[in-house]
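Taking it in order: structure first as structure tokens, then the write-up.
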């Protein structure tokens with residue numbers, strides 16, 4: 001689990017908070033500085049930059065100085081009016097988010113810093129002690145209350161109970177207490193209570209109270225003060241009657257049961273947490289791409305030349321473990337990263353489906369920043385939800401062959417791919433008229449009048465072979 005903390009930084013320029021009725025530059029309306037917002041992982045966080053001005057200012061959002069496109073569909077960010085929403089928070093969402101407001105009169109900006117912090121399981125404090133004490137009058141009494149576990153800043157108080165009309169508790173069963181020591185005072189050991197030169201008046205119940213925002217720990221102990229000449233005896237043989245002794249045993253037994261129950265509850269929660277964490281991980285299959293180079297050439301002619309060899313795709317169980325994700329149907333595959341062709345998913349917006357093939361489907365999509373254009377329409381090939389290893393191998397092999405062929409004006413060119421943090425996407429040029437076969441069939445004449453029939457017997461025309469078609473498509 002993670003905690004998201006948003007810290008507002010100082011503005012890059014001083015601004016007024018009063019909206020003028022006339023023409024003027026953008027100004028913030030009711031902007032709150034020093035705001036902290038905490039959200040767990042996979043939740044949604046919203047940041048706002050509400051401003052006014054005349055003419056009405058426009059707003060743009062940037063993450064780490066990279067523009068966030070509001071028109072991108074199916075993305076991680078949603079922009080509406082003055083608000084930016086970040087959905088399904090992840091560690092990768094850390095960074096600086098800047099809103100830029102602009103009109104013809106001026107520019108205004110504001111920057112937020114987003115951090116994702118890891119959380120631990122926190123509980124209320126768990127303590128041990130204090131214990132009953134028996135001392136002689138004139139000596140010192142010492143109680144100790146140990147803190148066994150505390151995940152948050154805690155506060156320690158020592159209380160002395162007193163009686164009202166012979167009772168230690170009021171009508172609501174709450175004890176009558178006086179605070180005699182607390183950790184707010186500059187003490188080196190607030191968990192220790194020392195009573196100097198005790199007298200008979202100091203005898204009675206003393207309690208240790210340890211508290212934090214999640215709860216508290218409270219335990220009491222009895223102080224018995226003997227005469228100066230009397231010998232120290234066990235608390236059971238003097239100072240209290242049988243009824244008080246039974247109360248002491250009951251309180252001690254209940255406190256022990258509560259401590260054991262809390263320890264057992266913490267142990268169960270820890271085991272369950274570890275089990276949930278381990279269930280999020282599973283084995284993945286590693287995909288290996290073997291292309292022809294100076295070290296790998298499976299087919300070599302006698303004259304030493306290396307013919308064109310199709311890349312080999314191999315899938316084998318991988319030793320690495322990856323966090324499973326519901327965002328991708330390909331989380332069981334570990335695809336190799338090709339930095340030269342890898343394309344960021346955030347800059348890709350899928351559109352309508354164009355069709356399906358033997359082992360996959362094709363969608364129309366728009367990209368941002370491809371070929372130095374604001375937006376570019378492309379086609380995206382991907383596997384079906386129930387794709388097999390063989391179908392993945394075929395699509396990977398097709399992609400590697402397109403990399404080797406390169407660009408040519410007579411073919412559908414390869415533009416890039418998305419292999420990390422999601423399903424495999426193969427990005428190619430978009431044919432606006434569809435495939436050539438359907439295009440020619442839809443435009444052929446209804447009859448063959450006026451067409452010259454081929455004279456194959458004279459040898460002037462030969463049927464085209466696959467070799468001829470490849471030679472027309474590939475550059476010399």
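Numbering (the UniProt record's numbering), first residue to last: 1 to 476. Beta carbons: idealized from backbone N, C-alpha and C, even for Gly.
Which class does residue 269 belong to by DSSP, given the choice of helix, strand or coil?
Three-state DSSP puts residue 269 in a helix.
Would residue 342 and residue 420 be called neighbours here (beta carbons separated by less than 8 Å)?
Taking 8 Å as the cut-off, the beta carbon of residue 342 is found closer than this to the beta carbon of residue 420.
In the structure shown, what three-state DSSP assignment does residue 364 receive?
Correct three-state label for residue 364: strand.
Going by DSSP, which residues form a beta bridge with residue 162?
None, per the DSSP bridge assignment.
Please state whether the Cβ-Cβ distance between residue 426 and residue 368 is less than 8 Å.
A distance of 8 Å or more separates the beta carbons of residue 426 and residue 368.
Can you check which of these residues, 313, 438, 370 and 437, is closest to residue 390 by C-alpha distance?
Residue 390 has its Cα closest to that of 313, out of 313, 438, 370 and 437.
Distance, Cα to Cα, residue 261 vs residue 251?
Cα-Cα distance, rounded: 15 Å.
Extract the residue ranges of the beta strand (DSSP E) inside the UniProt domain "Ig-like" (125-224), only unbroken runs of 3 or more that lie entirely within it.
As far as the UniProt domain "Ig-like" (125-224) is concerned, its whole beta strand (DSSP E) runs of at least 3 residues are 126-128, 133-136, 141-144, 146-149, 155-161, 177-182, 192-195 and 204-212.
Cα-Cα separation between residue 395 and residue 428, rounded to whole angstroms
Taking the straight line joining both Cα atoms gives about 13 Å.
Identify the residues that DSSP records as bridge partners of residue 401: which are they?
Assignment of beta-bridge partners to residue 401 by DSSP yields no partner.
What's the gap between the Cα of residue 375 and the Cα of residue 56?
Computed Cα separation, rounded: 26 Å.
Judging by CA-CA distance, which residue of 337, 216, 187 and 125 is the nearest neighbour of residue 288?
For residue 288, the nearest C-alpha among the options comes from 337.
Bridge partners for residue 348 per DSSP, in chain order?
Bridge partners of residue 348: 367.
Taking 7 Å as the cut-off, does the CB of residue 95 come closer than this to any heavy atom belonging to the ligand ATP?
Ligands in the displayed structure: none, and consequently the ligand ATP is not present.
Count Cβ pairs between the stretch 94-102 and the stretch 55-71 that sit closer than 8 Å; are there 3 or more?
Because the criterion of three Cβ pairs below 8 Å is met, the stretch 94-102 and the stretch 55-71 touch.
Can you list, in chain order, the residues of its chain whose CB lies under 8 Å from that of residue 182, leaving out five sequence neighbours each side?
Cβ neighbours of residue 182 beyond the five flanking positions: 155, 156, 157, 158 and 190.
For residue 215 and residue 60, I'd like the C-alpha separation in whole angstroms.
Whole-angstrom Cα-Cα distance: 45 Å.
Excluding five sequence neighbours on each side, which residues of the same chain lie with their C-beta closer than 6 Å to the C-beta of residue 267?
Contacts found: none.
In three-state DSSP terms, what is residue 335?
Correct three-state label for residue 335: coil.
Where residue 522 falls: helix, strand or coil (DSSP):
Since the first residue shown for the chain is 1 and the last is 476, residue 522 is missing from the structure and cannot be characterised.
Straight-line gap, residue 471 to residue 315 (C-alpha atoms, nearest Å)
Each residue's alpha carbon lies about 32 Å from the other.
Decide if the stretch 125-134 is in contact with the stretch 78-85; the criterion is three or more beta carbon pairs, one per stretch, under 8 Å apart.
No, the stretch 125-134 is not in contact with the stretch 78-85.
What does the alpha-carbon distance come out to for the pair residue 226 and residue 133?
Distance between the alpha carbons of residue 226 and residue 133 is about 11 Å.
Beta strand (DSSP E) containing residue 436: first to last residue?
Here residue 436 belongs to no beta strand (DSSP E); instead the alpha helix (DSSP H) covers 436-443.
Nearest-angstrom Cα separation, counted from residue 402 out to residue 351:
Just so you know, the alpha carbons of residue 351 and residue 402 end up roughly 23 Å apart.
Looking only at its own chain, which residues have a Cβ that is under 8 Å from the Cβ of residue 431, when we skip the five neighbours before and after it?
Once the five neighbours on either side are set aside, the close Cβ partners of residue 431 are 379 and 412.
Cα separation between residue 140 and residue 124?
So the alpha carbons of these two residues sit roughly 32 Å apart.
Local Cβ density within 10 Å of residue 407, reported as buried at 16 or more and exposed below that
Exposed, because fewer than 16 other Cβ atoms sit within 10 Å of the Cβ of residue 407.
The beta strand (DSSP E) that contains residue 95, what's its start and end?
In the DSSP assignment, residue 95 falls within the unbroken beta strand (DSSP E) covering 95-103.
Short of 7 Å in beta carbon distance, which residues of its chain neighbour residue 164, apart from the five on each side in sequence? Order them along the chain.
Sequence-distant partners of residue 164 (beyond 5 residues in either direction) whose C-beta falls short of 7 Å from its own C-beta, in its chain, are 176.
Can you find the residues in the same chain that come closer than 8 Å, C-beta to C-beta, to residue 285, ignoring five residues on each side of it along the sequence?
Within its own chain, the residues whose Cβ lies closer than 8 Å to the Cβ of residue 285, once the five positions on either side in sequence are excluded, are 315, 316, 317, 318, 332, 333, 334 and 389, listed in chain order.
Give me the DSSP bridge partner(s) of residue 63.
DSSP, once it has assigned bridges, lists 66 and 97 as partnering residue 63.
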